[in-house]
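One structure is given below, encoded as structure tokens.
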DNA sequence: AACCCTGTTTATCGCTTGATCACTAATTAA
DNA sequence: TTAATTAGTGATCAAGCGATAAACAGGGTT
């Protein structure tokens with residue numbers, strides 16, 4: 006390459022965005038960048054990707070760490086709508102149907118290279134935000150699922166789900182979750198139809214839950230209902 | 006702190022190990038170090054942890070990357086004994102029992118902070134070794150499990166497991182795997198008894214597999230799937 | 001004693017990193 | 001038009017990185 010050319014750079018003639026918009030644009034692209042490179046990725050490489058010079062980042066964010074924190078915020082807060090709890094708890098519809106629909110929607114949001122990689126990078130860092138996310142999944146999703154399963158199986162409702170029930174829901178949930186990990190992080194071949202994977206997983210979970218926790222009657226009811 | 010003290014360091018009076026042993030000692034401690042810090046951890050910090058100076062590492066390993074590769078080797082090759090395939094295929098015992106025993110043993114090896122963290126760090130790097138590990142799990146463990154399930158359910162044996170069956174085994178396997186992730190990476194509370202978690206997961210899986218792929222339910226299952 | 005071999009340290013090199021400062025170009029307000 | 005404000009750049013700093021070279025220390029052999 007020739008030496009640094011002092012050519013007056015033709016500044017891109019882009020419309021100037023409002024400061025807040027530009028900032029958010031930076032955060033969005035930084036998210037993609039860090040998802041690929043990990044948080045060890047350099048600010049220079051990031052700036053290059055944004056098409057600006059490195060010091061400019063420091064006009065918008067006090068430090069690299071602050072930028073990273075904003076990346077976390079957007080990634081973690083993005084997915085959680087409040088419709089999901091209602092969907093799971095809507096007893097006018099069969100639980101099986103609710104579960105399948107919920108996991109279609111949920112995985113529709115989190116199954117992306119970007120989301121999953123940021124999730125694991127922050128998890129390995131041992132960040133608080135990650136731990137709190139696990140808590141949210143447990144309280145807003147899994148506990149609700151357990152409650153609905155108990156109801157469906159004709160078991161007495163009780164305030165908090167038991168530890169063993171909760172664990173079983175975790176195993177179920179994680180099994181589905183890991184489909185995305187295998188596909189987007191390991192880039193391993195997976196069953197083409199996500200829909201079928203979820204459908205089978207839900208069917209197996211309901212049968213398994215009835216088998217392990219159901220009363221004899223409840224279990225049979227679940228099995229029969231499944232078959233019909 | 007005062008300026009660098011040129012005090013002649015009292016060399017530690019440790020027994021001199023053979024070069025090969027010393028090397029392995031380095032690799033072992035480096036594994037723990039990288040498990041905590043990630044592979045971005047510095048060679049100086051690592052050397053400090055080993056109680057030696059940084060350049061000494063380069064007498065034992067040509068570069069940091071070579072050291073890391075050896076870390077991978079030990080971590081990935083450590084677990085796989087050949088007894089596991091035999092255990093899974095031993096038809097003199099009930100499949101349920103075999104599965105529970107296998108997963109007790111398997112998780113006994115990989116459920117550690119060290120193993121899991123190295124696993125994810127290398128996974129995020131997109132390393133070949135990681136992908137090959139996924140292949141090994143699929144071919145040596147999950148395919149075998151499917152075969153045994155088919156046999157148990159009285160289904161005709163066929164060479165390769167179907168994609169949907171394999172996926173279901175993945176969901177099951179991952180569910181168990183993620184118990185370790187939650188415990189050692191997220192450091193989230195889990196069911197105290199790993200044994201019960203595995204036992205319930207296996208019971209649920211067998212019930213679920215029969216439900217989804219079993220012969221008797223086959224026709225009805227198809228109807229249900231068509232209706233969804 | 002002299003020598004060599006090997007494990008180890010000190011000092012240092014070139015490069016990259018996150019961050020800062022002074023300056024210029026572009027936009028807005030008067 | 002001119003002044004003020006904002007967006008963006010080039011040069012540079014101190015610290016940290018991986019890696020290298022040369023000197024040193026201690027035991028074993030002759």
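Residue numbers (the numbering used here), protein chains in the order written: chain D, 6 to 233; chain Y, 6 to 233.
Glycine is no exception: its CB is placed at the ideal position from the N, C-alpha and C atoms.
Cβ of residue i within 7 Å of any chain Y Cβ
i	result
residue 146/D	no
residue 134/D	no
residue 117/D	no
residue 137/D	no
residue 226/D	Residue confidence is low: residue 226/D scores 44 on pLDDT, short of 50, so the model does not pin down where it sits. Its coordinate-derived value is still stated next. False, the Cβ-Cβ gap to chain Y never drops below 7 Å.
residue 191/D	yes
residue 38/D	no
residue 208/D	yes
residue 196/D	yes
residue 205/D	yes
residue 68/D	no
residue 111/D	no
residue 217/D	yes
residue 50/D	no
residue 213/D	yes
residue 172/D	yes
residue 229/D	Residue placement at residue 229/D is flagged as unreliable, the pLDDT there being 44, under the threshold of 50; a coordinate-derived value is accordingly withheld.
Extent of the continuous alpha helix (DSSP H) to which residue i belongs
i	result
residue 216/Y	199–218
residue 109/D	100–115
residue 172/Y	168–189
residue 72/Y	69–82
residue 36/Y	24–42
residue 94/D	88–94
residue 131/D	Note, residue 131/D: premise wrong, no alpha helix (DSSP H); not H, not E.
residue 51/D	48–55
residue 160/D	From DSSP, residue 160/D is part of no alpha helix (DSSP H); its letter is neither H nor E.
residue 60/D	59–65
Whole-Å CB distance - residue i paired with residue j, under 8 Å assumed
i	j	result
residue 35/Y	residue 51/Y	6 Å
residue 40/Y	residue 119/Y	4 Å
residue 138/Y	residue 81/Y	6 Å
residue 124/Y	residue 203/Y	About 19 Å; that fails the 8 Å criterion.
residue 70/D	residue 173/Y	Not confirmed; about 42 Å, so no contact.
residue 190/D	residue 122/D	6 Å
residue 213/D	residue 213/Y	5 Å
residue 44/Y	residue 126/Y	6 Å
residue 101/Y	residue 207/Y	6 Å
residue 217/D	residue 209/Y	6 Å
residue 196/Y	residue 169/D	6 Å
residue 149/Y	residue 211/Y	Residue 149/Y to residue 211/Y, Cβ: 15 Å. No contact.
residue 151/Y	residue 171/Y	6 Å
residue 178/D	residue 147/D	6 Å
Test: residue i CB closer than 7 Å to a CB of chain D
i	result
residue 158/Y	no
residue 176/Y	yes
residue 26/Y	no
residue 23/Y	no
residue 127/Y	no
residue 77/Y	no
residue 45/Y	yes
residue 183/Y	yes
residue 180/Y	yes
residue 35/Y	no
residue 162/Y	no
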